[in-house]
Each structure stands twice: as C-alpha cells, then as structure tokens.
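Novice: Please read through the structure below; I'll follow up with questions.
There are 2 protein chains.
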Amino acid sequence: MMTASNAPVRQSSVRAHNLALVLQTVANSPDPISRASVAGATGLTRATVSALVDDLIAGALLAEVDPAPRSGAGRPAAGLRPAADGPAGLGLEINVDYRAACVVDLTGTVRHHLVEAGDQRGPGSLDGLTRLAARALRLARAEGLTVAGAALAVPGLVSAGGVVRVAPNLGWQDVAVGSQLHGLPLMVDNEANLAALSELGTGDLPPSFVYISGEIGIGAGIVLNGALYRGVRGWSGEIGHIPIDSAGPRCRCGARGCLEQYAGQEAMLSAAGVTSVESLAGADLTVAGTALGTAIATVVNLLDVDTVVLGGIYAPLLPGLHDAIDAEIARRVLTADWSPVRLRAATLGPDAAVRGAAGAVLRGVLDDPAAYLAR
Amino acid sequence: MMTASNAPVRQSSVRAHNLALVLQTVANSPDPISRASVAGATGLTRATVSALVDDLIAGALLAEVDPAPRSGAGRPAAGLRPAADGPAGLGLEINVDYRAACVVDLTGTVRHHLVEAGDQRGPGSLDGLTRLAARALRLARAEGLTVAGAALAVPGLVSAGGVVRVAPNLGWQDVAVGSQLHGLPLMVDNEANLAALSELGTGDLPPSFVYISGEIGIGAGIVLNGALYRGVRGWSGEIGHIPIDSAGPRCRCGARGCLEQYAGQEAMLSAAGVTSVESLAGADLTVAGTALGTAIATVVNLLDVDTVVLGGIYAPLLPGLHDAIDAEIARRVLTADWSPVRLRAATLGPDAAVRGAAGAVLRGVLDDPAAYLAR
DNA sequence: TCAAATAATTCAACCAATAAACAAATCAGA
DNA sequence: TCTGATTTGTTTATTGGTTGAATTATTTGA
Numbered sequence: 004m005m006t007a008s009n010a011p012v013r014q015s016s017v018r019a020h021n022l023a024l025v026l027q028t029v030a031n032s033p034d035p036i037s038r039a040s041v042a043g044a045t046g047l048t049r050a051t052v053s054a055l056v057d058d059l060i061a062g063a064l065l066a067e068v069d070p071a072p073r074s075g076a077g078r079p080a081a082g083l084r085p086a087a088d089g090p091a092g093l094g095l096e097i098n099v100d101y102r103a104a105c106v107v108d109l110t111g112t113v114r115h116h117l118v119e120a121g122d123q124r125g126p127g128s129l130d131g132l133t134r135l136a137a138r139a140l141r142l143a144r145a146e147g148l149t150v151a152g153a154a155l156a157v158p159g160l161v162s163a164g165g166v167v168r169v170a171p172n173l174g175w176q177d178v179a180v181g182s183q184l185h186g187l188p189l190m191v192d193n194e195a196n197l198a199a200l201s202e203l204g205t206g207d208l209p210p211s212f213v214y215i216s217g218e219i220g221i222g223a224g225i226v227l228n229g230a231l232y233r234g235v236r237g238w239s240g241e242i243g244h245i246p247i248d249s250a251g252p253r254c255r256c257g258a259r260g261c262l263e264q265y266a267g268q269e270a271m272l273s274a275a276g277v278t279s280v281e282s283l284a285g286a287d288l289t290v291a292g293t294a295l296g297t298a299i300a301t302v303v304n305l306l307d308v309d310t311v312v313l314g315g316i317y318a319p320l321l322p323g324l325h326d327a328i329d330a331e332i333a334r335r336v337l338t339a340d341w342s343p344v345r346l347r348a349a350t351l352g353p354d355a356a357v358r359g360a361a362g363a364v365l366r367g368v369l370d371d372p373a374a375y376l377a378r
Numbered sequence: 004m005m006t007a008s009n010a011p012v013r014q015s016s017v018r019a020h021n022l023a024l025v026l027q028t029v030a031n032s033p034d035p036i037s038r039a040s041v042a043g044a045t046g047l048t049r050a051t052v053s054a055l056v057d058d059l060i061a062g063a064l065l066a067e068v069d070p071a072p073r074s075g076a077g078r079p080a081a082g083l084r085p086a087a088d089g090p091a092g093l094g095l096e097i098n099v100d101y102r103a104a105c106v107v108d109l110t111g112t113v114r115h116h117l118v119e120a121g122d123q124r125g126p127g128s129l130d131g132l133t134r135l136a137a138r139a140l141r142l143a144r145a146e147g148l149t150v151a152g153a154a155l156a157v158p159g160l161v162s163a164g165g166v167v168r169v170a171p172n173l174g175w176q177d178v179a180v181g182s183q184l185h186g187l188p189l190m191v192d193n194e195a196n197l198a199a200l201s202e203l204g205t206g207d208l209p210p211s212f213v214y215i216s217g218e219i220g221i222g223a224g225i226v227l228n229g230a231l232y233r234g235v236r237g238w239s240g241e242i243g244h245i246p247i248d249s250a251g252p253r254c255r256c257g258a259r260g261c262l263e264q265y266a267g268q269e270a271m272l273s274a275a276g277v278t279s280v281e282s283l284a285g286a287d288l289t290v291a292g293t294a295l296g297t298a299i300a301t302v303v304n305l306l307d308v309d310t311v312v313l314g315g316i317y318a319p320l321l322p323g324l325h326d327a328i329d330a331e332i333a334r335r336v337l338t339a340d341w342s343p344v345r346l347r348a349a350t351l352g353p354d355a356a357v358r359g360a361a362g363a364v365l366r367g368v369l370d371d372p373a374a375y376l377a378r
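Chains A and Y supply the protein sequences, listed in that same order. Numbering of the first sequence is given in my numbering, commencing with residue 4 and proceeding in unit increments. Numbering of the second sequence is given in my numbering, commencing with residue 4 and proceeding in unit increments.
Next up, the structure:
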C-alpha cells in the first residue's frame, strides 16, 4: 500500500502494514515458506509473524500446506502458501475485435478465461462486456471464490472515476464506464499499464522498467520501484508520438514523423508490403527498429531504467528488431557504456492486459490485506 | 521519509512517522500554528501532538513563538515554528567558473552564502571546495547551528556512493568525491536534480513537475509526487540528447539533431550571432523554442506532468521562448485539449542548485526527524 | 534412548496512541 | 467586574500491537 505520507499512523496501521508485509513475503516466495523463515526475511519476531499468519489464514488469504522436504534436525516447518480458495480478481478487457474476462486467484492461477470475438467499436459494446463479466462472476462464485473487485483494460486514455476520455480505435470519446460493476469496485485503466503490471507479476523483472505495447497505436506502461507510474491525470506512457524526424510523414495527431509512423502496426505492414502481422516475421524491420530504438533511447535517457519489455506485436518480432534497436541505444543513450539496457520480449502474449487487470485487483489485496479482511 | 515497504513496522516507527508528520505540518504552514491546529490538520489527537511537539522542541527542531493574533473566545494558542537555531544544511556547488557554499536553516533562511569565482575545471578544484566548506561550517557553528549534513551539486552524472561518472564541462571522469566531508555525511547529486528540489521547496509548485536546466548542457530534474525521481542508477533527466531531427547537425554525443544542438547555450549563441547570454534577450529564439517545445512534448506525453519549470539561462529568456514552446506543445501533446501544460520560469536564479543542495539536507531532517534527534 | 536443533506458541512487559477528564487562559455579556 | 462559554493544552487510565524470554512440540543424529 502506498501509505499516504500525510496521514497519521496508529497501532492499527502498524498491523495493517505488517499483515501486508507477511502476505507479500509468502506470495513472493517461489516455494512454501515457514513462519520462522518469514520472520527471518521480514525482521519481525516469530511471535508476531505467528499472530499475523493466524489472521491471514482465518481470512482465507493464506493456507498451510504440507511441509517442504527438509534436511537437518528440528521440528519440521509448516509451509505457507497464498490461499487458492480466497480472494480472486476479475480482469476485463475490451479491444477492437474481441472482449475478454478472466478470473485469477491469489496463487496466480487463471481459473477462468472467457473470450468473445467480434467488433467492439462503439460504446454499445459495454453491455456485452457487462454480460461477459456476469458469466465470469458466476463461474468464480460457483467455485467458492470471493471476487474482490474488477479491473477493465481499455486501449485509450482513462481519467479518474472511470471515464474513458478517448479510445481512438474503439471510436470512444468521453465514455463513463463508472466505478462499480455487479456490486464490485471497478477500476478502469489503460491496456499498456495493466499489461506492464502483468509482466511485473511474473517476477523475473527488475522493479523499474518500461513496457512498450505495439498495437495499432503504441503505448507504454511505466513501472518505477515496483509500482505503476500513472502520471498526474493517469495519462502517462503516450509514447506513440515521440518525434523521430520532424520532416517525416504526417501523423494522424497532426505532427510529423511520430514514432507511430515508423513502428506502428499499419506503418510496418505497408513498409513490408504485407497484410498480416504474422508475415512481418520474415520482413526487414530495420526502419521500425531504428525508430523504436530512438524512442527507447529517449525514454532511457529521461527515466534511467535499465530494462525495456517489448509487448504486443513487438514480442514475436523482437529477433528482427533487436539489432536496429540496440544500435540506436548504443548511439543515443549516454550511459550505455557503464550499464547496458536490457531488451526483453514480453512473456504473456495477447492475454497480458486481461491478466494484468485481474492482477491489479489482487495487488490491491496484497497491498492492503487488512482492508480486505475488514470488508 | 520514503518508508521502505519491505521493512517491518514497530511502535518506534509509528513515533518516527508521526514526528515527521507534525514537523512537516508546522514547516508547511505559512504562519505559526498551534498544537490544536496541528492535531486538526493531521488527524492525531491533541494529546499526541503535545507529546510529539515536546520532543521536537527539546531537540531544537521546533520553537514556540508569540501567539498569532487571534479572534474569538478561548485560551490563546502558543504558536509553533521551525527552529532557527536548530539543524542547518550545508549546500555546495561546483561549476565551470565558480564554486559556492551556503548554509540554510530550518526556517529556510539562507544564513551564509559564499561564492568564489574562478575556473574549476579538473578534479583538483575539489580541494578548494573542501576549504570553502570548512569556512562555511565555521561560520554556521559560530552562530550555534548544528549542521546536519552536506550536499554537493555537480553538473554531471553521479553514481551511488558519491562517484561522479562524468562531468563533461568540468573535465571530470570517475571522480570519487566520497560520502563524508569534515565528518559530515555528504550527498552528491546532479545540479538539475537539486535545483528542481529547490524550486519544489518554494511551495508554489504542484507535487509533480519537471525542471529543465539550460546551461552549456541541458538537464532535467524530475519531481514526482513531491519526491525527486533519480532513476535506477541516479541518471534520470538526461534530456539534452532527445532527438529533434535525425538529419540535423552532428552532436558531441555522436548522434544527430539532439536538443542540445538547437537549444543548448552554444547553439543559441551562435544562431543569434552574439557572444553573451544577456544579448540573447532580444534575439529571435524560435528555433530553440521549437526544439525545446518538441522535447517538452515528449516529456509530457511520457510522464503526464502538467507543469514544466524552465531554469538556468532559460528562465530570463522565457518570454522569447514561450510562444514557440506552446505551439509545439499544442501540436504534439495529445492531452493538451483537456488540460493545459503550464510553463513557468524558475524563481531562484543561479543559486537554485546550491540552495537545493542545502535544502536536500534539511529535507532529510524533515523526512526523518527521529534519526536527527537520535544522533 | 537421549541430547541437540529447529519450529511454533504463550505470556508478561513495554511503547505509543486514544479518549476523557481536567486545568489554564481568554472573550463576551450582564 | 463578575460569570459562563470557549478554546488550548496537559494528565491519566485504557487499549492495541510488538517484543523477548520461556515453553512446548517435533524431528535428526549419536
């Protein structure tokens, strides 16, 4: 929980913080972990950890499992794991040609995943999404899961309060999605942001990185110190219109030579003379890679992140893009000599955004388990 | 204090947090403020605030002053103010043609300010800085101030542990400044970062903004949610090499068409055909302004900040730059229609970096007064 | 079979915030 | 000028939560 630094701290906040600390320590451990190990890892005493774990087990956030095989003398430890039958997150996504819902439990397991293909352009598609969400909810509840909340990924700019300012490819403008769905709290966020969170959740990324989502538009999700950076109004990461060449082709935004004109899906397809994203795999992607490398160099110079994750259509194309990107980074990133920029392909594929949406709900629980327990 | 979220919280942390909360509430209040008002503003009880204030007064962090003029019935309040005779910060700066030191107390008053003109290129200039710091220290201690630490502003890239990786205009490369000076903890940071903190301290800026420092090079200090964002390795804000035109003039960094080639001090002087920064005031700055606007648009699209502060040589030139910057922002910032980007000239002038350095030390005290009291 | 080792729980002590009562100092109205 | 209302600040008993030491539980190895 990003504790508001201008709020008073009382004893109950201490407990709330330490509950989160214990829960996250267990959640971040690859194997079942004992109370004593949690105490060692967190700096709390075993007595305190035991008391906190009691609460977490009573609230179905943690579960005891068979102890891991041990060596050496001593009483065997009871293993702790996030509970599979406790809270779950409902992730939703709406995109140009499909809508999707998924239910993920605290162990990270995708319990249900529903996808409906079809044109979603126009705000009417929200009704269909509501029905899809209801179906996913019924499936989750039938299994005894407590759905803690929902999050919706949208390819557009989202304001506070769940208003989609503009989603160009959906044809949305000032669509109020709201902050409730079937009685659950609903969070609406940009698809690149949620996909970035999703990749962060895989656990093999550093706490600060930038996720670049290549679709028809190009967006970025910025993760700093383990938390999504959303910007003052929630509109961070609009990377598609970084200028590459002020004399370049005119862009739909009105300026010239934006990144999107070189590395957007349409631009790459027409440059390669093909019509499907799959066919790009064999094409020469130097122009797109150079433009992307220029933009990445700008991002790295500005934010000093050392890892960039390429998602969306870029993930499968990374082998063809890699050299051109690297060359541009070497030329433009001032600090490349001291510490290299790592390029990675996203690992989650097209599901990243929905799963990230469900993950965002669960992250809320992990960040403030006391609030969940008190519900 | 940026509480490490993976650290346990104990009762003493509660006290540490609330001490900071009370101290900052008093420090942020324009007028002397009563214990009862602090209680109202923070949500703590009057009893708790009284106890915390006792500690802060005993530690010379707060002082009682004559009560502010009041209206209405009731016992008159005792006014609280940051103590003028408590901790002070020692700010240091080394730049191409001068070195400086200043001592600032908790009230924000600059108690001493020493400047020595002269060429500082080459690492030998550190000895002179050490002597200057000793002079400033003697002056501060003679007045009864407790110097809590020192911070040094350098125009270059600084690594953890006080190593200046490179400061091109000083001719420094891998200079280890260290983390101690005359027995005080010493923090070394980029000049733009500290200047940004300094502007933040003036109090009339929002919690998130970008400060752009125009000197021979161009740097940026990024403040997000009231805290400096330093990046993974401390090298954030290298804005000078944002590409403006890939076919533009070659830059000393090896790439082409970097911002510095259009809006750097040298570029502006030679474009205007003058030799002094003062003479630029009447010149046509459209080219520089357009380049700067392009770079600012990139920063805003990426970080979604709504305020940009122009410092260094840009501050006095803002009237001549404003229109060209605005035009470029309007064209390139996607969200400009919903919420304008505010451009401001820096208010502190050339002293911003030294004062920011002293301010950084004081900020450390404000953020964790318990550590200062326990010293 | 017993000692050593490790895990988890119990319990008294302690620390810090709270709530409520109390003391202090002023204003306002008769 | 007295008196009650009002607000500030302090005192005191209570509560919530962590700590540390002692205790219980369960295994390995000699």
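All C-beta atoms in this analysis are idealised placements derived from N, C-alpha and C, irrespective of residue type, glycine included.
Any residues in the stretch 16-42 of chain A with a beta carbon nearer than 7 Å to a beta carbon of chain Y? Which ones, in chain order?
Specialist: Val17, His20, Asn21 and Leu24
Novice: Can you check the stretch 42-83 of chain A for any beta strand (DSSP E) of at least 3 residues that lies completely inside it and give the ranges in chain order?
Specialist: 65-68
Novice: Check whether the stretch 285-305 of chain Y touches the stretch 334-351 of chain Y, taking contact to mean three or more Cβ pairs, one atom from each stretch, closer than 8 Å.
Specialist: yes
Novice: Quick one: complete alpha helix (DSSP H) runs, 4+ long, within the stretch 128-173 of chain A?
Specialist: Those alpha helix (DSSP H) runs which fall completely within the stretch 128-173 of chain A and span 4+ residues are 128-145.
Novice: Would you mind reading off the limits of the beta strand (DSSP E) that contains Asn196(A)?
Specialist: Against the first sequence, residue 196(A) aligns to sequence position 193. Element bounds for Asn196(A): not the beta strand (DSSP E) but the alpha helix (DSSP H), Glu194 to Gly204.
Novice: Taking Ser216(Y) as part of the beta strand (DSSP E), name the residues at either end of that continuous run.
Specialist: The residue labelled residue 216(Y) in the question sits at position 213 within the second sequence. It spans Phe212 to Gly217 - the beta strand (DSSP E) in which Ser216(Y) sits, taken as one unbroken run.
Novice: Could you spell out the range, first to last residue, of the beta strand (DSSP E) harbouring Gly314(Y)?
Specialist: Taking the first residue of the second sequence as 1, we reach residue 314(Y) at position 311. Residues Thr310 to Gly315.
Novice: Taking the alpha-carbon positions, what's the Ala275(A) to Ile316(Y) distance?
Specialist: Translated into the one-based positions of the first sequence, residue 275(A) becomes position 272. Translated into the one-based positions of the second sequence, residue 316(Y) becomes position 313. Rounded to whole angstroms, Ala275(A) to Ile316(Y) spans 46 Å at the Cα level.
Novice: Residues of chain Y with a CB under 9 Å from the CB of Thr45(A): which are they?
Specialist: Your numbering for residue 45(A) matches position 42 in the first sequence. At a C-beta separation below 9 Å, Thr45(A) has these neighbours in chain Y: Asn9, Ala10 and Pro11.
Novice: Which residues does DSSP pair with Pro322(A) in a beta bridge?
Specialist: Stepping through the first sequence from its first residue, residue 322(A) is reached at position 319. The partner list for Pro322(A) (beta bridge, DSSP) is empty, contrary to what the question assumes.
Novice: Rounded to a whole number of angstroms, what is the C-alpha to C-alpha distance between Ala103(Y) and Gly217(Y)?
Specialist: For the purposes of this step, residue 103(Y) is taken as residue 100 along the second sequence, with counting starting at 1. For the purposes of this step, residue 217(Y) is taken as residue 214 along the second sequence, with counting starting at 1. One C-alpha to the other measures close to 19 Å.
Novice: So, at 7 Å on beta carbons, what are the nonlocal neighbours of Met5(Y) in its own chain, with the 5 sequence-adjacent residues on each side left out?
Specialist: Within the second sequence, residue 5(Y) is the residue found at index 2, counting from 1. Only weak support exists for where Met5(Y) lies, its pLDDT of 40 falling under 50; the value from the coordinates is given anyway. Taken in chain order, the residues that qualify are Ala230.
Novice: Is there at least one Cβ from chain Y nearer than 8 Å to Thr149(A)'s Cβ?
Specialist: Position 146 of the first sequence holds residue 149(A). It does not: the Cβ of Thr149(A) has no partner Cβ on chain Y nearer than 8 Å.
Novice: Let me see if you follow: with CB-CB separation under 8 Å, is Ala198(A) close to chain Y or not?
Specialist: By one-based count along the first sequence, residue 198(A) stands at place 195. The beta carbon of Ala198(A) does not come within 8 Å of any beta carbon belonging to chain Y, so the residue lies off that interface.
Novice: Determine whether the beta carbon atoms of Gly165(Y) and Ala153(Y) lie at a separation below 8 Å.
Specialist: The residue you call residue 165(Y) lines up with position 162 of the second sequence. The residue you call residue 153(Y) lines up with position 150 of the second sequence. Taking 8 Å as the Cβ cut-off, Gly165(Y) and Ala153(Y) do not qualify as a contacting pair.
Novice: Considering only the alpha carbon of each residue, which of Gly234(Y), Leu26(Y), Ser162(Y) and Gly127(Y) lies closest to Ile97(Y)?
Specialist: One-based indexing of the second sequence puts residue 97(Y) at position 94. Closest option to Ile97(Y), Cα to Cα, is Gly127(Y).
Novice: Contact between the stretch 185-201 of chain Y and the stretch 349-363 of chain Y: three or more CB pairs below 8 Å?
Specialist: yes
Novice: Counting only runs that start and end within the stretch 99-133 of chain A, where is the alpha helix (DSSP H) found for 4 or more residues in a row?
Specialist: none
Novice: In chain order, what residues of the same chain lie with their CB nearer than 6 Å to the CB of Gly323(A), ignoring the 5 residues before and after it?
Specialist: Translated into positions along the first sequence, residue 323(A) becomes position 320. Closer than 6 Å at the Cβ level, and outside the excluded window around Gly323(A), lie Leu288.
Novice: Taking buried to mean at least 16 other C-beta atoms within 10 Å of its own C-beta, is Glu331(Y) buried or exposed?
Specialist: Locating residue 331(Y) in the second sequence gives position 328, counting from the first residue. Glu331(Y) is buried by the Cβ-count criterion.
Novice: Assign Val25(A) to one of two classes, buried (16 or more other C-beta atoms within 10 Å of its C-beta) or exposed (fewer than that).
Specialist: Sequence index remark: in the first sequence, residue 25(A) carries index 22 (1-based). Its Cβ being crowded by 16 or more others within 10 Å, Val25(A) is buried.
Novice: Decide if Gly125(Y) is buried, meaning its Cβ has at least 16 other Cβ atoms within 10 Å, or exposed.
Specialist: By one-based count along the second sequence, residue 125(Y) stands at place 122. Under this definition Gly125(Y) is an exposed residue.
Novice: Nearest to Val308(Y) by alpha carbon, out of Ala86(A), Arg233(A), Ala54(A) and Asp108(A)?
Specialist: Residue 308(Y) sits at position 305 when you count from the first residue of the second sequence. Looking at the Cα atoms, Arg233(A) is the closest of the given residues.
Novice: How many angstroms separate the CA atom of Gly77(A) from the CA atom of Ser15(Y)?
Specialist: What you label residue 77(A) is simply residue 74 of the first sequence in a count that begins at 1. What you label residue 15(Y) is simply residue 12 of the second sequence in a count that begins at 1. Each residue's Cα considered, the two are about 34 Å apart.
Novice: For the stretch 238-250 of chain A against the stretch 247-264 of chain Y, do three or more pairs of beta-carbon atoms, one drawn from each stretch, fall closer than 8 Å, so that the two count as touching?
Specialist: yes
Novice: Output the distance between the C-alpha atoms of Arg38(A) and Ala23(A), rounded to the nearest integer angstrom.
Specialist: One-based indexing of the first sequence puts residue 38(A) at position 35. One-based indexing of the first sequence puts residue 23(A) at position 20. Rounded to the nearest angstrom, the two C-alpha atoms are 14 Å apart.
Novice: What are the boundary residues of the beta strand (DSSP E) that includes Ile221(A)?
Specialist: For the purposes of this step, residue 221(A) is taken as residue 218 along the first sequence, with counting starting at 1. It spans Ile221 to Leu227 - the beta strand (DSSP E) in which Ile221(A) sits, taken as one unbroken run.
Novice: Going by C-alpha to C-alpha distance, which of Leu346(A), Gly314(A) and Val277(A) sits closest to Gly296(A)?
Specialist: As a first step, residue 296(A) is located in the first sequence; it is residue number 293 there, counting from the start. Out of Leu346(A), Gly314(A) and Val277(A), Leu346(A) has the C-alpha closest to the C-alpha of Gly296(A).
Novice: By Cβ distance, which residues of its chain are closer than 6 Å to Arg13(A), with the 5 residues on each side in sequence left out?
Specialist: Residue 13(A) sits at position 10 when you count from the first residue of the first sequence. Cβ within range, chain order: n/a, list empty.
Novice: Based on DSSP bridge pairs, tell me the residues matched to Ile97(Y).
Specialist: Looking up residue 97(Y) in the second sequence gives position 94. Looking at the DSSP assignment, Ile97(Y) forms a beta bridge with Arg102(Y).
Novice: Under 8 Å between C-beta atoms, does Tyr214(Y) make it to chain A?
Specialist: The sequence position of residue 214(Y) within the second sequence is 211, counting from 1. Using beta-carbon distances, Tyr214(Y) does not count as an interface residue toward chain A, since no partner is under 8 Å.
Novice: In three-state DSSP terms, what is Ile36(A)?
Specialist: Within the first sequence, numbered from 1, the residue matching residue 36(A) stands at position 33. The answer is strand: DSSP assigns Ile36(A) an E or B state.
Novice: Here's the rule: buried if 16 or more other CB atoms are within 10 angstroms of the residue's CB, otherwise exposed. What is Gly352(Y)?
Specialist: In the second sequence, residue 352(Y) corresponds to position 349, counting from 1. When all chains shown are included, Gly352(Y) counts as exposed.
Novice: Would you mind telling me which residues of chain A sit closer than 9 Å to Ile247(Y), beta carbon to beta carbon, in chain order?
Specialist: Stepping through the second sequence from its first residue, residue 247(Y) is reached at position 244. In chain order: Pro246 and Ser249.
Novice: Can you name, in chain order, every residue of its own chain whose Cβ lies under 6 Å from the Cβ of Arg144(A), other than the five neighbours on each side?
Specialist: Reading the first sequence from its first residue, position 141 is the one you call residue 144(A). There are no such residues.
Novice: Nearest chain Y C-beta to Asn193(A) closer than 8 Å, yes or no?
Specialist: Stepping through the first sequence from its first residue, residue 193(A) is reached at position 190. Cβ-Cβ to chain Y under 8 Å: no for Asn193(A).
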